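First comes the structure, then the notes that go with it.
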Amino acid sequence: MRPSETEKIKKIGEFGIRDTGLVDREMLEVVLNDRLGKKVRVKCNEDDTIGDLKKLVAAQTGTRAEKIRIQKWYTVYKDHITLKDYEIHDGMGLELYYS
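In short: position in the sequence shown from 1, add 18, done, that's the working numbering.
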């Protein structure tokens, strides 16, 4: 049995990510590849920050968010900037590194 969207949002709130309630806008799916054989798919909003994305990845992988680095080619993404500002779109692939 799959959890409902409301249950997912409540669970996300446990990890320190701001609780937005029920979301009526389209969510993005971002694919993060650690190049060691693990691909993580994360649902998020375009107004979420990279720090929020790291917390979602940490919840799925079991790695602390402070130890995660997200980048594309040689651009390392900063925690306080939103996905919209970096022009990250639905289905986009990013690189996931562990520090």
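The beta carbon of each residue, even a glycine, is placed where N, CA and C say it ideally should be.
Small disclaimer: the values here were computed from a predicted structure and weren't measured.
#1: With a threshold of 16 other CB atoms inside 10 Å of the CB of Val94, please say whether the residue is buried or exposed.
#2: Evaluate Val60 with the Cβ neighbour count: other Cβ atoms within 10 Å of its Cβ, from every protein chain shown; 16 or more gives buried, anything less gives exposed.
#3: Just to check my reading of the structure: Ala83 and Lys73 have Cβ atoms closer than 8 Å, yes? What is that Cβ distance to the nearest angstrom?
#4: In the DSSP assignment, find the beta strand (DSSP E) that holds Ile86 and state where it starts and stops.
#5: If I measure Cβ to Cβ from Gly111 and keep anything under 7 Å in the same chain, skipping five residues before and after, which residues do I get?
#6: Do Leu101 and Ile88 have their beta-carbon atoms positioned less than 8 Å apart in this structure?
Quick answer:
#1: Classification of Val94: exposed, given that the 10 Å Cβ count is below 16.
#2: Buried, by the Cβ-count rule.
#3: Confirmed, about 5 Å.
#4: Element bounds for Ile86: Ile86 to Lys90.
#5: Only residues of its own chain outside the window of five on either side were considered, and among them Val49 and Asn51 have a CB closer than 7 Å to the CB of Gly111, listed in chain order.
#6: The Cβ atoms of Ile88 and Leu101 do not sit closer than 8 Å to each other.
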